[in-house]
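Each remark here refers to the structure printed beneath this line.
Residue numbers (this note's numbering): -9 to 164.
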């Protein structure tokens, strides 16, 4: 899988422990629009997906996360690798910990736009995430505005904005 971006803050030289979190994220394009989840709290939008659980494959994680966050039914065999984004920094919560977040992005198709039951994590409920269908330019706009306001509170906005801009540069949809 190709490297999309590595963001290394290099603010952890005195840390002696390391934790890596792996997330799988889906790029769903249907009728010229991207399926994104948008929070009411920050007004940013992000690709559906999340952290792998024990025993999961990329495929099982992504189909589960898409169902939980959007209520959409993904077609597992349609997954096509796009790339990965790596974020390395000192943990915000543990002084002696290097936190490495690797997000793998896949194109994936959905059966249709029928929404079944959504099962958000507690923080996703708190932020009031909802499924939204956006053009690539709309998604870039929302995240550009949100990043100016909330970058320090919601550092994932930058990751999603970088990936959206790469998709546009590559002519995926526009």
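Positions of the beta carbon are idealized from the N, C-alpha and C atoms, including for glycine.
ask   = Secondary structure at residue 103, three-state DSSP: helix, strand or coil?
value = The answer is coil: DSSP assigns residue 103 none of H, G, I, E or B.
ask   = What's the call for residue 28, buried or exposed, on a 16-neighbour Cβ count within 10 Å?
value = By the neighbour-count rule (16 or more Cβ atoms within 10 Å), residue 28 is buried.
key: Alpha-carbon to alpha-carbon, residue 101 and residue 54   = Near 14 Å, if we compare the C-alpha coordinates of residue 101 and residue 54.
inquiry  = Output needed for residue 130: all residues of its chain with C-beta closer than 8 Å, excluding positions within five of it in sequence on either side, in chain order.
reply    = Its chain contains 151, 154, 155, 158 as the residues whose beta carbon lies nearer than 8 Å to that of residue 130, once the 5 sequence neighbours on both sides are disregarded; these appear in chain order.
ask   = What first and last residue would you give for the beta strand (DSSP E) that runs through residue 7?
value = From DSSP, the beta strand (DSSP E) with residue 7 extends over 7 to 17.
key: Per DSSP, the bridge partner or partners of residue 20   = 23, per the DSSP bridge assignment.
ask   = When burial is assigned at 16 or more other CB atoms within 10 Å of the CB, is residue 68 buried or exposed?
value = Label assigned to residue 68: exposed.
query = Among the residues of its own chain, which have a CB less than 6 Å from the CB of residue 15, if the five just before and after it don't count?
reply = Excluding sequence neighbours, residue 15 sits near 37, 39, 93, 95.
request  = Give the C-beta separation of residue -7 and residue 74 to the nearest angstrom, bearing in mind that I take them to be a contact with Cβ-Cβ under 8 Å.
outcome  = Contact flag correct, Cβ pair sits at about 6 Å.
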